[in-house]
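The listed protein sequences derive, respectively, from chains P and Z.
Taking my numbering, I'd label the letters of the first sequence as residues 1 to 151.
Taking my numbering, I'd label the letters of the second sequence as residues 152 to 294.
For each residue, glycine too, the CB sits at the ideal point set by N, CA and C.
In what follows, a single structure is set out as structure tokens and then discussed.
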Amino acid sequence: MLFILLAKSGQWRYFPKGHPNKSGLILWSVIVRHYSAMIRVMVQLQIRQCSNLQGFTKDTPQPAYGYIEKDPQTGEPTGYLAETAQQAVFSKIPMYPDEVWERAMKRAMDNLTAWGVTAYIDASANEPQFRVYQKMEREGNLNFHISGSIP
Amino acid sequence: MNDWAKDRCADPEPLLTLADEYRSSLFDPIGRKWWGDGTPLSKTSLIVDEYVEGGHGTMSVNETDFNRMIEEAKKGCLVRVHAMGDGTVRSILDVIEKVRTLDPNNISQCQQIAHCAFLRDEDIPRFRRLNVVADFFTSYILP
Numbered sequence: 001m002l003f004i005l006l007a008k009s010g011q012w013r014y015f016p017k018g019h020p021n022k023s024g025l026i027l028w029s030v031i032v033r034h035y036s037a038m039i040r041v042m043v044q045l046q047i048r049q050c051s052n053l054q055g056f057t058k059d060t061p062q063p064a065y066g067y068i069e070k071d072p073q074t075g076e077p078t079g080y081l082a083e084t085a086q087q088a089v090f091s092k093i094p095m096y097p098d099e100v101w102e103r104a105m106k107r108a109m110d111n112l113t114a115w116g117v118t119a120y121i122d123a124s125a126n127e128p129q130f131r132v133y134q135k136m137e138r139e140g141n142l143n144f145h146i147s148g149s150i151p
Numbered sequence: 152m153n154d155w156a157k158d159r160c161a162d163p164e165p166l167l168t169l170a171d172e173y174r175s176s177l178f179d180p181i182g183r184k185w186w187g188d189g190t191p192l193s194k195t196s197l198i199v200d201e202y203v204e205g206g207h208g209t210m211s212v213n214e215t216d217f218n219r220m221i222e223e224a225k226k227g228c229l230v231r232v233h234a235m236g237d238g239t240v241r242s243i244l245d246v247i248e249k250v251r252t253l254d255p256n257n258i259s260q261c262q263q264i265a266h267c268a269f270l271r272d273e274d275i276p277r278f279r280r281l282n283v284v285a286d287f288f289t290s291y292i293l294p
């Protein structure tokens, strides 16, 4: 079981050093994902025992455009992964099924409709979203103009 | 594509080829999402002045990516870039300036830079001149 928690900036202060690390998390299967810079960017991420899970060790070099925080005393990874360093974790997490995407997208769309929004930019659309948009349009349930972007 | 985009899209190229298949009157996948940098929080955003702790940070795109942005823009693709640092924003504006210079008629294609958490005063007029939307997103700053 994998839990992914979102934490806004102010909530990080409840963790030691201002952000969580593996010693501050109880369950090995918890990821805390920073809410900043859009959740789509997933800027910072912690996973307990990530070194065991993903092969990170004190000898793992820093990735290009990313950062693996290491304990200054022991040199061991703390579990704090920024930017591209997250990829080793996220590449192991399977994509949600289309039904989940559809449910989430419809919930977001309901909010947009309530706010009077009729068109939006999907700044980073993935393949399941493509399929959901198409399905909703075929069923006559897509009530927006959407300009999509492909990552 | 930046590596960390892969959490959402294992391989973007098939998506690009699928774009026409999925394009409809309501859904138009016309944009390309770029992660121009990370965030100032982890000093992975390029800042013109130094960070308090030193250093200017970094971008996550390079000259090859810039050329690809230009090529895709020439084909009508909209360039949509995540850029937090003022140095990154400036570099992306430079790229879009090149796009406009190469094809002045391209000015009608509205490009977009998302977040713009830091901006240099001298770069602000360039958004209007180059027809670039500054897509501010400030809620991450708020507690």
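Expected contact under 8 Å - CB spacing of GLY187 (chain Z) and THR239 (chain Z) to nearest Å: For the purposes of this step, residue 187 (chain Z) is taken as residue 36 along the second sequence, with counting starting at 1. For the purposes of this step, residue 239 (chain Z) is taken as residue 88 along the second sequence, with counting starting at 1. So it is a contact: roughly 5 Å between Cβ atoms.
Proximity to ASN261 (chain Z) [Cα-Cα], best of Z:ILE181, Z:GLU172, Z:ILE198 and Z:ALA170: In the second sequence, counting from the first residue as 1, residue 261 (chain Z) sits at position 110. According to the sequence displayed, residue 261 (chain Z) carries Cys and not Asn. With distances taken between CA atoms, CYS261 (chain Z) lies nearest to Z:ILE181 out of Z:ILE181, Z:GLU172, Z:ILE198 and Z:ALA170.
Cβ-Cβ distance between ILE286 (chain Z) and ILE264 (chain Z) below 8 Å: Against the second sequence, residue 286 (chain Z) aligns to sequence position 135. Against the second sequence, residue 264 (chain Z) aligns to sequence position 113. The question names Ile, but residue 286 (chain Z) in the sequence shown is Asp. In contact: ASP286 (chain Z) and ILE264 (chain Z) (Cβ atoms closer than 8 Å).
CB of PHE217 (chain Z) within 8 Å of CB of VAL246 (chain Z), strictly: Start at 1 with the first residue of the second sequence, and residue 217 (chain Z) comes out as number 66. Start at 1 with the first residue of the second sequence, and residue 246 (chain Z) comes out as number 95. Yes. Within cutoff.
Between the CA atoms of VAL212 (chain Z) and LEU244 (chain Z) - distance to the nearest angstrom: Here residue 244 (chain Z) refers to the residue found at position 93 of the second sequence. Here residue 212 (chain Z) refers to the residue found at position 61 of the second sequence. Approximately 13 Å between the Cα atoms of the pair.
8 Å Cβ cutoff met for LEU112 (chain P) and LEU177 (chain Z): Within the first sequence, the letter at position 112 stands for residue 112 (chain P). Within the second sequence, the letter at position 26 stands for residue 177 (chain Z). Contact: no.
Cβ-Cβ distance between PHE184 (chain Z) and ILE146 (chain P) below 8 Å: Position 33 of the second sequence, counted from the first residue, corresponds to residue 184 (chain Z). Position 146 of the first sequence, counted from the first residue, corresponds to residue 146 (chain P). The sequence given here places Lys at residue 184 (chain Z); Phe does not occur at that position. Cβ distance not < 8 Å, so LYS184 (chain Z) and ILE146 (chain P) don't count as in contact.
Chain-order list of residues whose beta-carbon lies under 8 Å from that of GLU248 (chain Z) (same chain, five-residue window excluded): Indexing the second sequence from 1 puts residue 248 (chain Z) at position 97. Cβ within range, chain order: ARG277 and LEU281.
Interface positions of the stretch 263-287 of chain Z facing chain P (Cβ-Cβ less than 9 Å), listed along the chain: Under the 9 Å Cβ criterion, the stretch 263-287 of chain Z contributes GLN263, ALA265, HIS266, ALA268 and ASP286.
CB contact flag (LEU197 (chain Z), GLY208 (chain Z), <8 Å): In the second sequence, counting from the first residue as 1, residue 197 (chain Z) sits at position 46. In the second sequence, counting from the first residue as 1, residue 208 (chain Z) sits at position 57. Yes, they are a contact pair.
Test: PRO61 (chain P) CB closer than 8 Å to a CB of chain Z: Translated into the one-based positions of the first sequence, residue 61 (chain P) becomes position 61. No, its Cβ sits nowhere closer than 8 Å to a Cβ of chain Z.
Cβ of TYR173 (chain Z) within 8 Å of any chain P Cβ: Counting from one through the second sequence, the residue named residue 173 (chain Z) turns up at place 22. Taking Cβ atoms only, chain P reaches closer than 8 Å to TYR173 (chain Z), which makes this a yes.
TYR120 (chain P) at chain Z interface by Cβ criterion, 8 Å: Sequence index remark: in the first sequence, residue 120 (chain P) carries index 120 (1-based). No - not a single Cβ of chain Z is within 8 Å of the one on TYR120 (chain P).
Backbone CA spacing between ASP237 (chain Z) and THR190 (chain Z) [nearest angstrom]: For the purposes of this step, residue 237 (chain Z) is identified with residue 86 of the second sequence, where counting begins at 1. For the purposes of this step, residue 190 (chain Z) is identified with residue 39 of the second sequence, where counting begins at 1. ASP237 (chain Z) and THR190 (chain Z): Cα-Cα distance of roughly 11 Å.
SER242 (chain Z) beta carbon less than 8 Å from that of MET210 (chain Z): Numbered from its first residue, the second sequence carries residue 210 (chain Z) at position 59. Numbered from its first residue, the second sequence carries residue 242 (chain Z) at position 91. Yes, these two residues count as a Cβ contact at 8 Å.
Nearest-angstrom Cα separation, counted from GLN86 (chain P) out to GLY140 (chain P): For the purposes of this step, residue 140 (chain P) is taken as residue 140 along the first sequence, with counting starting at 1. For the purposes of this step, residue 86 (chain P) is taken as residue 86 along the first sequence, with counting starting at 1. Their backbone Cα atoms lie some 38 Å apart in a straight line.
Simplified DSSP state of PHE288 (chain Z), which is helix, strand or coil: For the purposes of this step, residue 288 (chain Z) is taken as residue 137 along the second sequence, with counting starting at 1. Coil.
Three-state class that DSSP yields for ALA82 (chain P) in the structure shown: Taking the first residue of the first sequence as 1, we reach residue 82 (chain P) at position 82. Three-state result, ALA82 (chain P): strand.
Interface positions of the stretch 202-215 of chain Z facing chain P (Cβ-Cβ less than 7 Å), listed along the chain: Taking 7 Å as the upper bound on Cβ-Cβ separation, chain P lies near residues THR209 and SER211 of the stretch 202-215 of chain Z.
Unbroken stretches of the alpha helix (DSSP H), 4 residues or longer, contained in the stretch 92-127 of chain P: Segments of the alpha helix (DSSP H) lying fully in the stretch 92-127 of chain P: 98-114.
Three-way DSSP call (helix, strand, coil) for GLY182 (chain Z) in this model: As a position in the second sequence, residue 182 (chain Z) is number 31, starting the count at 1. Reduced to three states, the DSSP call for GLY182 (chain Z) is strand.
Secondary structure of GLN263 (chain Z), DSSP reduced to three states: Reading the second sequence from its first residue, position 112 is the one you call residue 263 (chain Z). Three-state DSSP puts GLN263 (chain Z) in a strand.
LYS135 (chain P) - DSSP class collapsed to helix/strand/coil: On the first sequence, position 135 is the one that residue 135 (chain P) refers to. LYS135 (chain P) falls in the helix class under three-state DSSP.
VAL250 (chain Z) vs ALA224 (chain Z) beta-carbon contact at 8 Å: On the second sequence, residue 250 (chain Z) is found 99 positions in, with the first residue counted as 1. On the second sequence, residue 224 (chain Z) is found 73 positions in, with the first residue counted as 1. Yes, these two residues count as a Cβ contact at 8 Å.
Neighbour flag for GLY148 (chain P) against chain Z, beta carbons, 8 Å: The sequence position of residue 148 (chain P) within the first sequence is 148, counting from 1. Yes, because at least one Cβ of chain Z sits closer than 8 Å to the Cβ of GLY148 (chain P).
Assigned exposure category for LEU253 (chain Z) - 16 Cβ within 10 Å defines buried: In the second sequence, counting from the first residue as 1, residue 253 (chain Z) sits at position 102. So LEU253 (chain Z) counts as exposed.
Assigned exposure category for GLU69 (chain P) - 16 Cβ within 10 Å defines buried: Counting from one through the first sequence, the residue named residue 69 (chain P) turns up at place 69. Result: buried.
From P:THR78, P:ALA64 and P:PHE144, residue whose alpha carbon lies closest to that of ALA119 (chain P): Here residue 119 (chain P) corresponds to residue number 119 of the first sequence, with the count starting at 1. Checking every option, the nearest Cα to that of ALA119 (chain P) belongs to P:PHE144.
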